[in-house]
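Protein chains in written order, with full-length UniProt numbering: chain Y, 1 to 307; chain Z, 1 to 325; chain A, 1 to 538.
Put into structure tokens, the structure is as follows:
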């Protein structure tokens, strides 16, 4: 178990180096960021030269990368163009996005699993069909459409919630964006739970439990659900990474100043320290989430053990 | 497809795929006997897996209906002029965002173009993106995934961690890089980009199910009988590991079409003069209040397509899963 | 079961993460009389000589007062801190300051505050993006050489006479130079800026009607009224909270929901319903912004000898219909290369462009044919796709051209992913076809609409247009001491643009905005920036 975890952790080092280089290269491929700093005016060449030298942009790519990595190991993630250290941006952005992600995950877990259990237990009946249609419709609507729609209906038309999120981003304001973000994943959690429940409902241990005379709800929650959750947990584990960095559209629509916002700004301004720093942390979060999911299997399914 | 980096649903879908993935990820799990692999070979009937599935599918109304829808979509993608006589580029700005009128059942868009004609003509690019990107991602992903799962070792580690890196690339960054490097206005850069982002999912699924299938008794038996690696992989493992890949691919096809819409929304998708649902949906998304019809029709066409493919995938998966018989 | 222990750790870790994120929030404590307004994240630190875009400009307008200020209504340059700016030869100026001005930290505004600030802005080592605004001052090339390192720290043309007087020697005659001094790059700076620069950037200190209360970068900048502000244009509200929005649609939605007081950019998609939503709380007034389609004159396919094609394209564009249907009349079809905010006295002349800016499909087709047709039978119009607002009108222009030429695929929009990439392609002279250009005036002078954009080698001459006669007329106009003569000479130069058509004038952009019923007396200045200090809160 311990050795397994250590090995997985060690594998993060090459992933870390690989992803930083890949992202670094991609931002580099976008082109020179300096000209855009001058807006619609043509940049003054002398100033441009100075800025490029300061940002190490006049060096070849590999030297830039080595320089950047050197700084990272000293805990310096560089600065954004407005002079803010990237670590400061991270400190403000990650907690907000983490909260948003948690809201989304809680929503998709609760609603998704409940819907999934219902339709899984009544496979092929009308409940199942309507849940199926609902999930499929949700899957096929892009987030930017559902986001705008939710925002307009709840925020303006009915005026139930604030249409945007303030800079502190408290949990209650994140509910609506959380729903928008969770919608698609919700559909998948529902369908995963449904298939899994439908399959396990015929398993011998369930029949045994019912034959023993255990009450139905106890069989469902203790025996059936626990064994059906592995695929759901896998999905949510991979979803954490995707939700955190993938919330660019949702964060933009609801004006949340989280990871997606910073990434979007960084990409548009072609600021490699911001983009590389954020994506690297996201990749690491992704790896840790996957590791945690693997460890959780052992809890849900006692047959699984780690060597 | 909304906004994850990559179509996340593809990661875990379908009974076989998920459980297999669980094992695939935790490399050194011990699976005690009794925890039988999900994609066990069909038993009892003389027909093979494929003809068995086909036998089931032909009788499944879901499969028949969704199949017919897809055939219809394919036909209008190839010959849009069959059902739309107008010109998708003809713009009459005076009619901007006007509603339906005789001869223009779906109304007009912001540029005063006929929405009906554009929806019909948009099918080609959108469906091309969907099918080609899926085919590319499925082939590349299942090949790499199967090899990694079968041979294991450092190649397997390399593949898994490469996939992790790809999961981390933001769609918008990749899209912008692609858009700035490749200036072609055809669908192929977008297809290539989606394949690049999509293959790791398929690879994960394929790897996971190959790892599971490898442990099956009949594979051990084949090995004991002296079958070579290649023969084992092709004849014994692949047929039993391919079901989850097919399932994932059919679902991914729909989501790739929607992903193109998201890319267009971010300014990194298909470029005019290509007509696609994604371009029109993203152009319409901010006008929901004033001209909902601009959004409704292309989004509706997208939804029907996605629905058809997901239902098809559902039917195929059920047919391939012996336990649901 | 060892797995379970590990899972407990995992659960524990999640719980800690939850706890860590649950805090934050906290009371906002919206004080009375404070206006919340939409804002975009400024690209650069808020130093005056480093701020070259409108978002940072908004803050500087609240935080600083310079020698001159442009009247928010008439755009005329009026003395604020300057008592008088005198010259005999349009080259040597003597600036005298008024009494009683201080920075909000109590320090007096003296000649030194200006001279130090300008020298800082010009010095290459400080990498200020507006350095070129000081290029007319004598000695600029020593502090800001085109190659190598500066040989001086200060410009020799700037001399402090006493606390209230300094002289400026220009390196050329420039009669309207004093009128450029309302630009934010020319603002004075307190000594704190130089002594503790990092702290100043964290919380800028100026001499304007507002002070910075808190600045949470990328989120919100809270400006509060400075009670001891010595000027006569003090704040009529308690303060302004500038909130960063990435999407102007969200800002608009917030305004509708009563969550925001002021939006200074109504998204195009809401223009149809804005009157229904806001009634008379919608502002739509001219601003000093002109949009053009600029041709890459360095590209032989579009450059010399292609005048007729360029004019033909201009005549193929139905400006009236596009401004009406796409922009809902928040743009006015352009008939010259300046802006109506200059007024007729300042050089705006309706119809100067003549027939070449009138929609005439028949003539357009004929001219393009005479000029040898579109190069390769096709054209693209390049634009940056990242703001999302250009696509609709570029497409409309292309459709208009296509309709005029009777060819569905003659013109097509060519999106470039990011603004940075777009600018790089322009600077590197890589444009193979016309591209969109927008010019927002720095100061309300006809000179600012012509010289930087079309003078040979000028800083924003993106199309690399060059015409000896045009250059000569501009030089003459700059040396002219009589204002009306200078203006008419500039207009003579402008007429050359009409025959050459290096850039097609499309339309004058209005400033648009909307506000809540909490506030009143909201107007936009000619730079389309809200006049924050005049806003009253009910």
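Heads up, the beta-carbon is just placed ideally off N, CA and C, and yes, glycines get one too.
Run the CB neighbour count on residue i, radius 10 Å, all protein chains shown included, and call it buried at 16 or more, exposed below.
| i | result |
| --- | --- |
| residue 286 of chain Y | buried |
| residue 43 of chain Z | Its pLDDT being 47, under 50, residue 43 of chain Z is placed unreliably in this model, and the coordinates cannot settle the point. |
| residue 217 of chain Y | exposed |
| residue 249 of chain A | buried |
| residue 302 of chain A | buried |
| residue 485 of chain A | exposed |
| residue 318 of chain Z | buried |
| residue 73 of chain Y | exposed |
| residue 439 of chain A | buried |
For residue i, name the three-state secondary structure that DSSP assigns.
| i | result |
| --- | --- |
| residue 39 of chain A | strand |
| residue 480 of chain A | coil |
| residue 250 of chain A | helix |
| residue 21 of chain Z | Below a pLDDT of 50, predicted positions are generally treated as unreliable, and residue 21 of chain Z, at 32, falls in that range; the measurement from the model is reported next regardless. Of the three classes helix, strand and coil, the one that applies to residue 21 of chain Z here is helix, per DSSP. |
| residue 104 of chain Z | strand |
| residue 512 of chain A | strand |
| residue 13 of chain Z | Low confidence applies to residue 13 of chain Z: its pLDDT is 31, below 50, so where it sits in the model is not reliable, and the reading given next is rough at best. Of the three classes helix, strand and coil, the one that applies to residue 13 of chain Z here is coil, per DSSP. |
| residue 116 of chain Z | helix |
| residue 262 of chain A | strand |
| residue 284 of chain A | strand |
| residue 333 of chain A | strand |
| residue 326 of chain Z | In the structure as shown, chain Z starts at 1 and stops at 325, and residue 326 of chain Z therefore has no counterpart that could be examined. |
| residue 168 of chain Y | coil |
| residue 169 of chain A | strand |
| residue 504 of chain A | strand |
| residue 89 of chain Z | coil |
| residue 34 of chain Z | Here residue 34 of chain Z scores only 37 on pLDDT, less than 50, and its place in the model is too uncertain to base an answer on. |
| residue 79 of chain Y | strand |
| residue 350 of chain A | coil |
| residue 77 of chain A | strand |
If we call anything under 8 Å between Cβ atoms a contact, is residue i one with residue j?
| i | j | result |
| --- | --- | --- |
| residue 499 of chain A | residue 307 of chain A | yes |
| residue 249 of chain Y | residue 94 of chain Y | no |
| residue 112 of chain Y | residue 193 of chain Y | yes |
| residue 271 of chain Z | residue 296 of chain A | no |
| residue 326 of chain A | residue 396 of chain A | yes |
| residue 129 of chain Z | residue 171 of chain Z | no |
| residue 46 of chain Y | residue 45 of chain A | no |
| residue 164 of chain A | residue 96 of chain A | yes |
| residue 167 of chain Y | residue 216 of chain A | yes |
On the DSSP bridge assignment, give the partners of residue i in chain order.
| i | result |
| --- | --- |
| residue 440 of chain A | A/289 |
| residue 156 of chain Y | Residue 156 of chain Y pairs with nothing; no bridge assigned. |
| residue 102 of chain A | A/108 |
| residue 520 of chain A | A/536 |
| residue 223 of chain A | A/212 and A/240 |
| residue 86 of chain A | A/94 |
| residue 162 of chain Y | BP columns for residue 162 of chain Y are empty, so no partner. |
| residue 379 of chain A | A/411 |
### Message
Check whether the region 118-133 of chain A and the region 97-107 of chain A are in contact - that is, three or more C-beta pairs closer than 8 Å.
### Response
Because the criterion of three Cβ pairs below 8 Å is not met, the region 118-133 of chain A and the region 97-107 of chain A do not touch.
### Task
Taking 8 Å as the threshold, find out whether the region 301-317 of chain A comes into contact with the region 521-533 of chain A through three or more Cβ pairs.
Contact between the region 301-317 of chain A and the region 521-533 of chain A is absent, because fewer than three Cβ pairs lie under 8 Å.
### Task
Check whether the region 256-268 of chain Y touches the region 186-203 of chain Y, counting contact only when three or more Cβ pairs, one atom from each stretch, lie closer than 8 Å.
Fewer than three Cβ pairs drawn from the region 256-268 of chain Y and the region 186-203 of chain Y lie within less than 8 Å of each other, which leaves the two stretches out of contact.
### Query
Taking one C-beta from the region 84-97 of chain Z and one from the region 389-402 of chain A each time, how about it: are there three or more such pairs within less than 8 Å?
A contact exists between the region 84-97 of chain Z and the region 389-402 of chain A.
### Task
Take every Cβ of the region 374-390 of chain A, pair it with every Cβ of the region 473-480 of chain A, and state whether three or more of those distances are shorter than 8 Å.
These segments do not touch.
### Contact between the region 122-141 of chain Z and the region 227-237 of chain Y (3+ Cβ pairs under 8 Å)
Counting C-beta pairs closer than 8 Å gives fewer than three between the region 122-141 of chain Z and the region 227-237 of chain Y, which falls short of the contact rule.
### Task
Taking 8 Å as the threshold, find out whether the region 296-306 of chain Z comes into contact with the region 224-241 of chain Z through three or more Cβ pairs.
Segments in contact, no.
### Message
Using 8 Å as the cut-off, can you tell me whether the region 349-367 of chain A makes contact with the region 488-498 of chain A, which would need three or more C-beta pairs spanning the two stretches below that distance?
### Response
At 8 Å Cβ cutoff, the stretches touch.
### Message
Check whether the region 98-108 of chain Y and the region 167-187 of chain Y touch, using three or more Cβ-Cβ pairs below 8 Å as the test.
### Response
Note that the region 98-108 of chain Y touches the region 167-187 of chain Y; at least 3 beta-carbon pairs, one per stretch, sit closer than 8 Å.
### Query
Okay, do the region 18-34 of chain Y and the region 413-427 of chain A touch, 3+ Cβ pairs below 8 Å being the bar?
Contact holds: three or more Cβ-Cβ distances are below 8 Å.
### Contact the region 499-517 of chain A vs the region 257-267 of chain A: 3+ CB pairs below 8 Å
They touch, by the three-pair rule.
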